[in-house]
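Counted the way my numbering counts, the sequence shown spans residues 12 to 275. Note that CB positions come from ideal geometry on N, CA and C, so glycine has one too. Everything below concerns the one structure shown next.
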Amino acid sequence: MSKRRSNGLLNSLLGAITGGGVRVVDLTMTLDQKVPTIVLPPELGQSWPFRLEEISRYDHRGPNTYWNNMSCGEHTGTHFDAPIHWISGKDLPDNATDTIPPEMFLAHACVVDCTLEAEKDPDYLLTIQKVEEWEEENGKIPPRSWLVMRTDWSMKFDPVEYLNLDDTGAHTPGPHMDLVPWLIEERDVVGFGCEAVGTDAGQAQHFNIPFPCHHLMHGHGRFGLPALTNLDKLPPQGSLFITPPLKIRQGSGSPVRVLALVEE
Ligand code: MN
12 MSKRRSNGLL NSLLGAITGG GVRVVDLTMT LDQKVPTIVL PPELGQSWPF
62 RLEEISRYDH RGPNTYWNNM SCGEHTGTHF DAPIHWISGK DLPDNATDTI
112 PPEMFLAHAC VVDCTLEAEK DPDYLLTIQK VEEWEEENGK IPPRSWLVMR
162 TDWSMKFDPV EYLNLDDTGA HTPGPHMDLV PWLIEERDVV GFGCEAVGTD
212 AGQAQHFNIP FPCHHLMHGH GRFGLPALTN LDKLPPQGSL FITPPLKIRQ
262 GSGSPVRVLA LVEE
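Below, the structure is given as structure tokens:
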């Protein structure tokens, strides 16, 4: 067997992670009974909330063992949306959690701070103009990046406030309809990430293209990363997201532990 070759790249990275230079930021909500689950109109199928049931805890059911059964919808808490999730992406190749090429789960991220806008208006929509202003300060979005919308929405720990539902539906921020095709065609993003329960704005069913972030992103083989948290700990540019979903056969998504590597 030939000696393994290495140019030290991965050792340098690991050295920086353990010894300083690269910070690891956890962008994941903790999965428990309170983790927000999307609520759909009652005539539609519903996603199961997260549930944990103890199998044993060093007791008569298993004296040496603590473990649980768990159940939830694929789209629970911080999670990954695969192209097969939407009808527009159903016939694309490699469109499910088990078939997306794994290198796609590593990508650069561009974080656009919309906290002031979202605080003033829960229905705030991120526009092309706002992203262009971001680019003037931070440089052009590199191809194959996540566009991440920071709103600090995930700091609303009360699920009622977080989902923000009334008789007219949900009121949560998201991308403007015009921004989505621009991000795909002009910037070639890998997907869209945000802090709300879904990648589309709460009122996006009323847009000319309903749910444009789902319809267009997934229709073009791109991904979604909703319910992120700790985005305030990221720089606008220069972080690497690690986002592998569970390898569910023909999965439409799954909860995911999203980590960001940030160069200091
Ligand atoms: Mn989803």
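Check: Buried versus exposed call for H71 [16 or more other C-beta atoms within 10 Å across all chains shown]; Outcome: exposed
Check: F252 in three-state terms, based on DSSP; Outcome: strand
Check: Pick from I66, T39 and T110 that is closest to Q261, judged by C-alpha positions; Outcome: T110
Check: Proximity winner among L251, R62, M160 and P247, relative to A129 (alpha-carbon distances); Outcome: M160
Check: Beta carbon nearer than 5 Å to a non-hydrogen atom of the ligand MN; Outcome: H86 and D92
Check: Proximity to H231 [Cα-Cα], best of C125, W97, E206 and V269; Outcome: W97
Check: Per-residue burial, N80 [other beta carbons within 10 Å of its own, 16 or more giving buried]; Outcome: exposed
Check: Euclidean distance between Cα positions of I220 and P52; Outcome: 19 Å
Check: Residue from N22, V208 and K244 whose Cα sits closest to the Cα of L38; Outcome: K244
Check: Close Cβ partners of A107 (< 6 Å) along its chain, the five nearest in sequence each way excluded; Outcome: A93, I95, Q261 and G262
Check: For H119, three-class secondary structure by DSSP; Outcome: strand
Check: Through-space distance from S58 to Y135, alpha-carbon basis; Outcome: 26 Å
Check: Simplified DSSP state of V281, which is helix, strand or coil; Outcome: Here the chain has residues from 12 to 275 only, and residue 281 is not among them.
Check: Whole-number beta carbon distance between S156 and C121, since they are thought to touch under 8 Å; Outcome: 5 Å
Check: Close-in-space but distant-in-sequence residues of the same chain around L194 (CB under 6 Å, 5 per side omitted); Outcome: L158 and V200
Check: Where S99 falls: helix, strand or coil (DSSP); Outcome: helix
Check: L63 - containing beta strand (DSSP E), residue span; Outcome: R62 to D70
Check: Contact set for G100: own chain, Cβ-Cβ below 6 Å, skip 5 residues either direction; Outcome: P94, N106, H229 and G230
Check: Three-state secondary structure (DSSP) of Y135; Outcome: coil
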